[in-house]
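The working numbering applies: residue 16 is where the sequence shown begins, and numbers increase by one. Read the structure below first, then the notes.
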Amino acid sequence: MSGKQAHTAISRSVTEKLRNGQVVTIRPMEKSDIELERAFITNLSPESRHFRFLGGIGEPSEQLLKQLTDIDHDEREAFIALLESDKGPLEIGAARYILEASRTAAECAVVVADDWQMQGLGTLLLNRLIESARARGVKHLYSIDSAENIKLRDVARSMGWDCHTDPQDHTQVIFTLDLSAT
C-alpha cells in the first residue's frame, strides 16, 4: 500500500464499540468541528483540562479552537470520537499529533471526556494515531504529560510506550513509542 493509499484508508470514518457496548464514530477532525471542540473542552473537568493542556484553562480561546481544528492532515493530524445524541453529534474524545520538522517524529495528545474514560476509547484513538503516523513514515511518537495522570500511564504502558520523568520538569513525564520496532 502506497503512502497515499494508506492515508486514504485512515482518513475515513470508522465505528468502534466501547467496553460498555456504546458505538462511537471516529473520524478525521475538520475545521467545521470548532463548536464540537468548544463544547468538548468546556465540559471537561478541571483535572482533565489540566492533564490535556498541562495548565489551567477555563473557556478555550478562539485562537486555541482554531489551532485545534485547523488540521492539514499532513503535518497536523487529528481524530475526533463522536456519539449521536438527541441533540446531534457529541464529541467524547480527540487525538492528535504534529510532525516535527524532520517528519520522523511527532508529538501527540489524547483526551477523553470524563464520563467516557476507562471504556477503551483512549486506546482506540491512540491506535488510530499510530496507524496514521506509520502511514506517513513517522518513526517515533512522544507525549509530554502530567506525572499525576495515572490512567494515561497505565494505558500507555499496556500499549508498549516507554515512560520516563521529564529531565526539565519532574512534574511531567515523557511517553515515547518507537514505531519502527512495533
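All residues carry an ideal CB built from backbone N, CA and C; glycine is no exception.
Tell me which residue opens and which closes the beta strand (DSSP E) that G103 is part of.
103-114
Less than 8 Å between the CB atoms is what I'm expecting for S69 and E52, so what's the real figure, rounded?
A small correction: the amino acid at residue 69 is Leu; Ser does not occupy that position in the sequence shown. Wrong, their Cβ atoms sit about 18 Å apart, outside the cutoff.
Counting Cβ pairs closer than 8 Å, one from the stretch 24-43 and one from the stretch 133-151, do we hit at least three?
Yes: the two stretches touch, three or more of their Cβ pairs being nearer than 8 Å.
Over what stretch of residues does the alpha helix (DSSP H) that includes L69 continue unbroken?
Premise fails: L69 is in no alpha helix (DSSP H) and is neither H nor E.
Enumerated in chain order, which unbroken segments of the beta strand (DSSP E) with a length of 3 residues or greater are wholly contained in the stretch 152-181?
155-161, 177-180
Nearer than 8 Å: is that true of the beta carbon of A96 relative to any heavy atom of the ligand GTP?
For the ligand GTP, the structure offers nothing, since it holds no ligand at all.
Distance, Cα to Cα, Q183 vs P104?
Each residue's alpha carbon lies about 40 Å from the other.
For E45 and D85, what's the separation of their Cα atoms in angstroms?
7 Å
Is it the case that the Cβ atoms of R42 and I95 are separated by a distance below 9 Å?
yes
Once you ignore the five residues that flank S100 on each side, which residues in its own chain have a CB closer than 6 Å to its CB?
none
Looking at the strands, I want to know which residues DSSP matches up with R91.
I113
Cutting at 6 Å between CB atoms, please list the residues of its own chain near N164, excluding the five before and the five after it.
Taken in chain order, the residues that qualify are F66.
When you compare each of E122, R118, D181, A54 to R111 by their alpha carbons, which one comes out closest?
E122
Would you mind sorting A150 into buried or exposed? The rule is 16 or more other CB atoms within 10 Å of its CB.
buried
From G152, S117, E106, V188, pick the residue whose C-alpha is nearest to that of L140; which is it?
E106
Could you give the residue range of the beta strand (DSSP E) that holds Q187?
Annotation: the continuous beta strand (DSSP E) that includes Q187 extends over 187-193.
For G18 and Q78, what's the separation of their Cα atoms in angstroms?
Here G18 scores only 45 on pLDDT, less than 50, and its place in the model should not be relied on; the value that follows carries that caveat. Taking the straight line from one Cα to the other gives about 32 Å.
Can you tell which of H185, T186, C178 has the C-alpha that lies nearest to the C-alpha of L192?
C178
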